[in-house]
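Take the sequence shown: its position 67, counting from 1, is numbered 1258 in my numbering, and each next residue is one higher.
We put the CB at the ideal spot given by N, CA and C, even for glycine.
Step one of this worksheet: look at the structure below.
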Amino acid sequence: MKATFWGALMGAVLAVGPAGAQTYRYVSGPADAPSFDPEAGAVTIVSEGGGYWYRSVAERPGGSVRVLEVRVGPEGGLRSAVETEDGRRSSLTVEGTRVVLRRGESRDGKGFEIPPGRLPCADESVVLAAAAAAARGERREILLVDFAGRAIEAALVPGPEERMDTPAGSFSCRRVDLVLRVWIFRPVIRLWVVPTPSPGFLVRQEGKRSALGPVYITVLSGIDP
């Protein structure tokens, strides 16, 4: 199993942390499963141009490897992202008021208009946006875009401070609810993050892969220096 988010976000191991070559590892599985085989992922984050650059590597079910490179602003908003897997390449780029998805080396792409007041996010960048919202203690409206070509309006809603015990240790966290606006449904992915020092990192996550699927739990299992 992997550390995952609902829908397309459920496919990648998440590992985010402060600038430098520090690695955060996670395990994930169904909440009602007695045991599962964990998989690990790693990311390196570097402060760059008033924001952050990070590169994550995650093993997919079946053995394929996904490499994701993302550049975000100081609040976790997407600037650009490139995903490669099994020789296939896709990119997401913010161009003016749109996020543009391109496949391979094509100049043509699928554009998503960014509604006024919404922060564009993609894959792991939503964790950084959640940490930034938690640090401010303010709700943040976002547009969540994935490499499958979907764009979902959502909100990051900070909650109370809570202490979370994990295999990696005990952490003082801020809970953030990621509320997705999918038709008439409002599925919620619950995140517990350490918001400071910026850009923060994920400690625990609870959410579904689909509306009718089981709840998955992701926890921080280790921190490598």
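What span of residues does the beta strand (DSSP E) with residue i cover, start to end?
{"i": "alanine 1313", "result": "1310-1313"}
{"i": "arginine 1257", "result": "1256-1263"}
{"i": "arginine 1270", "result": "1269-1276"}
{"i": "serine 1331", "result": "According to the sequence as given, residue 1331 is arginine; it is not serine. Where arginine 1331 is concerned, the enclosing beta strand (DSSP E) stretches over 1331-1336."}
Name the one or two DSSP bridge partners that residue i has.
{"i": "glycine 1302", "result": "Val1291"}
{"i": "phenylalanine 1362", "result": "Met1355"}
{"i": "aspartate 1223", "result": "DSSP lists no partner for aspartate 1223."}
{"i": "aspartate 1415", "result": "Thr1214"}
{"i": "glycine 1242", "result": "Glu1239"}
{"i": "arginine 1280", "result": "Thr1275"}
{"i": "glutamate 1250", "result": "Val1256"}
{"i": "alanine 1346", "result": "Glu1332 and Val1370"}
{"i": "glutamate 1286", "result": "Arg1289"}
Can you tell me the Cβ-Cβ gap for residue i and residue j, rounded? I've got them flagged as a contact below 8 Å.
{"i": "alanine 1321", "j": "valine 1384", "result": "6 Å"}
{"i": "leucine 1334", "j": "alanine 1342", "result": "6 Å"}
{"i": "glutamate 1274", "j": "phenylalanine 1376", "result": "With 8 Å as the limit, glutamate 1274 and phenylalanine 1376 do not qualify as a contact, their Cβ atoms being about 26 Å apart."}
{"i": "tyrosine 1217", "j": "serine 1361", "result": "Between serine 1361 and tyrosine 1217 the Cβ distance is about 16 Å, and since that is not below 8 Å, they are no contact."}
{"i": "glutamate 1315", "j": "valine 1261", "result": "6 Å"}
{"i": "glycine 1242", "j": "cysteine 1312", "result": "About 13 Å; that fails the 8 Å criterion."}
Any idea if residue i is buried or exposed, counting beta-carbon neighbours within 10 angstroms, 16 or more meaning buried?
{"i": "leucine 1253", "result": "Reading off the sequence, residue 1253 comes out as glycine, not leucine. Exposed, since its Cβ has fewer than 16 Cβ neighbours within 10 Å."}
{"i": "valine 1183", "result": "This structure leaves residue 1183 out entirely; the chain is present only between 1192 and 1416."}
{"i": "glycine 1308", "result": "exposed"}
{"i": "alanine 1249", "result": "buried"}
{"i": "serine 1363", "result": "exposed"}
{"i": "glutamate 1296", "result": "exposed"}
{"i": "serine 1255", "result": "exposed"}
{"i": "threonine 1288", "result": "exposed"}
{"i": "glycine 1278", "result": "exposed"}
{"i": "isoleucine 1408", "result": "buried"}
{"i": "glutamine 1396", "result": "buried"}
{"i": "valine 1406", "result": "exposed"}
{"i": "glycine 1340", "result": "exposed"}
{"i": "glutamate 1266", "result": "buried"}
{"i": "leucine 1200", "result": "Low confidence applies here, because leucine 1200 scores a pLDDT of 37, under 50, leaving its location unreliable; read the following figure in that light. Leucine 1200 should be labelled buried."}
Alpha helix (DSSP H) containing residue i: first to last residue?
{"i": "serine 1316", "result": "1316-1327"}
Subject >> Whole runs of the beta strand (DSSP E) within the stretch 1370-1398, excluding any shorter than 3 residues >> reply: 1379-1385
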